[in-house]
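I have placed the structure first, in the form of structure tokens, so that the comments after it can refer back to it.
Protein chains: 2
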Amino acid sequence: MTNPEAEALPLILAVDLGGTDTKVALVDSRGRVVARETLRTTDFAAAEALVAALADVLARLEVDAGGRAVAVGLGAPNGHHGRGTVEHAPNLAWKGKVPLRDMLAHATGLPVELDNDANLAALGQGRFGACKGMEDFVVVTLGTGLGGGIVAGGQLVRGASGFAGELGHVLCVRDGRLCGCGRRGCLETYVSARGLVATYGECVRASSGAPQDSAGVGAPVLVTAVEVHAKAQRGEAAALAAFAITAAHLAGALVDLTLLLGPECVAFTGGLTASGETLLGPTRAAYLAQLPEGTPAAQLVFSTAPDATLAGAVALVSLA
Amino acid sequence: MTNPEAEALPLILAVDLGGTDTKVALVDSRGRVVARETLRTTDFAAAEALVAALADVLARLEVDAGGRAVAVGLGAPNGHHGRGTVEHAPNLAWKGKVPLRDMLAHATGLPVELDNDANLAALGQGRFGACKGMEDFVVVTLGTGLGGGIVAGGQLVRGASGFAGELGHVLCVRDGRLCGCGRRGCLETYVSARGLVATYGECVRASSGAPQDSAGVGAPVLVTAVEVHAKAQRGEAAALAAFAITAAHLAGALVDLTLLLGPECVAFTGGLTASGETLLGPTRAAYLAQLPEGTPAAQLVFSTAPDATLAGAVALVSLA
Chain A
21 MTNPEAEALP LILAVDLGGT DTKVALVDSR GRVVARETLR TTDFAAAEAL VAALADVLAR
81 LEVDAGGRAV AVGLGAPNGH HGRGTVEHAP NLAWKGKVPL RDMLAHATGL PVELDNDANL
141 AALGQGRFGA CKGMEDFVVV TLGTGLGGGI VAGGQLVRGA SGFAGELGHV LCVRDGRLCG
201 CGRRGCLETY VSARGLVATY GECVRASSGA PQDSAGVGAP VLVTAVEVHA KAQRGEAAAL
261 AAFAITAAHL AGALVDLTLL LGPECVAFTG GLTASGETLL GPTRAAYLAQ LPEGTPAAQL
321 VFSTAPDATL AGAVALVSLA
Chain B
21 MTNPEAEALP LILAVDLGGT DTKVALVDSR GRVVARETLR TTDFAAAEAL VAALADVLAR
81 LEVDAGGRAV AVGLGAPNGH HGRGTVEHAP NLAWKGKVPL RDMLAHATGL PVELDNDANL
141 AALGQGRFGA CKGMEDFVVV TLGTGLGGGI VAGGQLVRGA SGFAGELGHV LCVRDGRLCG
201 CGRRGCLETY VSARGLVATY GECVRASSGA PQDSAGVGAP VLVTAVEVHA KAQRGEAAAL
261 AAFAITAAHL AGALVDLTLL LGPECVAFTG GLTASGETLL GPTRAAYLAQ LPEGTPAAQL
321 VFSTAPDATL AGAVALVSLA
């Protein structure tokens, strides 16, 4: 922090609220993280408790960074930009509509912009990450659940509903797994950390005849997805099969997205991208195999800029 | 044509090229059809022959209207706006990439803009029809095949590929009916005039044990879809079942579209909309039943402005 020019850049508090972790950072206007902290989302049963914790984190980060934030940009599952709310988020403990934007503005004294977490990721990848300079792209968040942020013709697609991009709840398997949203067979019940673990459990039971409770039920989801990846890297058949099935489901959704939106790129972020080529390789192969002849393929990339979502807060607050 | 103001409006030749019929009209700049003619697309084995026929039609319509066209706006299946081509259209007899824009410009001496037929429909419904004044909507063409035109944030979504909106080829039934595009289970093999007729044949065979060639194979498709509608109106069980199955497939696709794009309205055009509430009623019911809780529903409407697609030529040439 000895560069006077860098110290003069305005700082934004970026919050990436996920089903498992909440990443908090001070980001400068060029998208660089200057201080950060991570909270466990599941430690906070009520939104009020998380908001209070975020205000405390802000104070600590401002001391670390030696500067004050001028605004807050927050991404949350089922976030509604226009209303500043988090509404009926199946992957959070909160019920109903939570006015998180105004709660956080009150707690911090700062202007706050809130959006869907995947929209924050799309803004970040478009301004600072894998989709820099592109006009038509989709960002898919692969974490506890699955989210989508769509940019078409250079504009974020929010829709008349304000809830566009809900890729996690498109139909994947008719009458399939029960989703947190109340429907069966949603894409995120198959393609997500939770989905991978469930598929791995099915593969283990199918190959070994082990009882139904042997698949790590109750174990922390992200840790277990990491374990499935480690098993696949060691060549375990059930783990490799689980990745192949997950990849085939994901590829089917990507073919439909390509047909509907014709994106130049689909970029993936989130915890499950740590599985790298173990997931991306078979996804790309299945995608190209399923794409109708004559339909231009999108690039499929796992983001190598994990802070791009946090940097999206810069684009979010300046767009407001 | 005694109003001097109306006579002074510029005329545009509008061409709506479908798999079965090609509608041709002179449209004024307020979107009103002043003269029209219909060609049978299937009468023309080669694009050159259709282009020559369109030039003849233009000359006749200009005599009828007592005025000259200043430009041509043409919508075609698999049309690419940027390149002015029709590319690998499964529902046309032509193979490969056909430079229809330049062929028609040469034949008519007029500037020509070409786009996907469903994009023409979307431009027309947005400027003159069911979606007038809306920023976020989807227009679905239900004819021989099924097409989609997407408007997001007031902009037509063409995608980096130039082929966005290909709703007809999203997956409906895994390993289902063989589509003209080469894949199996595409939406338009179930939800279209052809799809309805095929489903009706299955329903008749399932209920009566009749032999497989009893379902009108070889009969003209649109005529036969009209017959299925007439049978449904008379209360025939197999025809009602065919509409219910078609509606359920369509509703599933509309739920996914709503999740991805959050449109205010989905408007339908094309020959199959003549079936009215027989199709729209069960589609709306299935759509509302399948939509996840908390997801705002789009209005579903069958366009009552059949000339809106032709009127889209006005928006197409003025956008160029």
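Same order as they appear, the protein sequences are chains A and B. Take the position in the first sequence, starting the count at 1, then add 20; the result is the number in this note's numbering. Take the position in the second sequence, starting the count at 1, then add 20; the result is the number in this note's numbering. Backbone N, C-alpha and C define an ideal beta-carbon position, used for all residues, glycine too. None of these values were measured; they are calculated from a predicted model.
Short of 6 Å in beta carbon distance, which residues of its chain neighbour residue i, apart from the five on each side in sequence? Order them along the chain.
i             : result
residue 261/B : 223
residue 287/B : 145, 150, 151, 159, 321 and 323
residue 337/B : 32, 91, 93 and 133
residue 327/B : 53
residue 290/A : 161, 162 and 163
residue 189/B : 201 and 206
residue 51/B  : 148, 331 and 334
residue 192/A : 205, 207, 210 and 269
residue 71/A  : 123, 124 and 127
residue 109/A : 97 and 98
residue 187/A : 168
residue 227/B : 258
Taking 7 Å as the cut-off, is the C-beta of residue i nearer than that to any heavy atom in the ligand NAP?
i            : result
residue 53/A : No copy of the ligand NAP occurs in the structure displayed, which carries no ligand at all.
Just checking: is the beta-carbon of residue i within a distance shorter than 8 Å of some beta-carbon in chain B?
i             : result
residue 201/A : yes
residue 175/A : yes
residue 191/A : yes
residue 315/A : yes
residue 93/A  : no
residue 88/A  : no
residue 204/A : no
residue 96/A  : no
residue 120/A : no
Based on the DSSP secondary-structure assignment, which residues constitute the bridge partners of residue i?
i             : result
residue 328/B : Partner(s): none; residue 328/B has no beta bridge.
residue 94/B  : 35/B and 134/B
residue 194/A : In DSSP, residue 194/A forms no bridge with anything.
residue 156/A : Answer is none; residue 156/A lacks a bridge partner.
residue 41/A  : 60/A
residue 206/A : 191/A
residue 53/B  : 47/B
residue 129/B : In the DSSP output, where bridge partners are listed per residue, residue 129/B has none listed.
residue 117/A : 107/A
residue 89/B  : 31/B
residue 78/B  : Looking at the DSSP assignment, residue 78/B forms no beta bridge with any residue, so it has no partner.
residue 161/B : 167/B and 289/B
Any beta carbon from chain A within less than 8 Å of residue i's own beta carbon?
i             : result
residue 184/B : yes
residue 112/B : no
residue 267/B : no
residue 135/B : no
residue 181/B : yes
residue 99/B  : no
residue 276/B : yes
residue 108/B : yes
residue 327/B : no
residue 156/B : yes
residue 162/B : no
residue 170/B : yes
residue 282/B : yes
residue 187/B : yes
residue 279/B : yes
residue 178/B : yes
residue 272/B : yes
Can you list, in chain order, the residues of its chain with a C-beta nearer than 8 Å to that of residue i? Leave out the 5 residues immediately preceding and following it.
i             : result
residue 265/A : 210, 219 and 223
residue 177/A : 170, 171, 184 and 185
residue 77/B  : 44, 57 and 59
Apart from the five residues on each side of it in sequence, which residues of its chain come closer than 7 Å, Cβ to Cβ, to residue i?
i             : result
residue 60/B  : 41
residue 308/B : 317
residue 85/A  : 31, 46, 54 and 55
Using a Cβ cut-off of 8 Å (strictly closer), state whether residue i contacts chain E.
i             : result
residue 312/A : Absent from the structure is chain E; the protein chains it does hold are A and B.
For the segment 250–320 of chain A, which segments carrying the beta strand (DSSP E) assignment without a break, of at least 3 residues, lie completely within its bounds, in sequence order? Counting whole runs of 3 or more residues, the segment 250–320 of chain A contains the beta strand (DSSP E) stretches 285–289.
With a threshold of 8 Å, are at least 3 pairs of Cβ atoms found where one atom belongs to the segment 288–308 of chain A and the other to the segment 192–212 of chain B? With a cut-off of 8 Å, the segment 192–212 of chain B and the segment 288–308 of chain A do not count as touching, because too few Cβ pairs lie within range.
Specify whether the segment 29–36 of chain B and the segment 65–76 of chain A touch according to this definition: at least 3 beta carbon pairs, one from each stretch, less than 8 Å apart. Using a C-beta cut-off of 8 Å, the segment 29–36 of chain B makes no contact with the segment 65–76 of chain A, since fewer than three inter-stretch Cβ pairs fall below that distance.
Say whether the segment 303–318 of chain B touches the segment 117–128 of chain B, bearing in mind that this needs 3 or more beta-carbon pairs closer than 8 Å, one atom from each stretch. As far as the Cβ criterion goes, the segment 303–318 of chain B does not touch the segment 117–128 of chain B, which means the pair count is below three.
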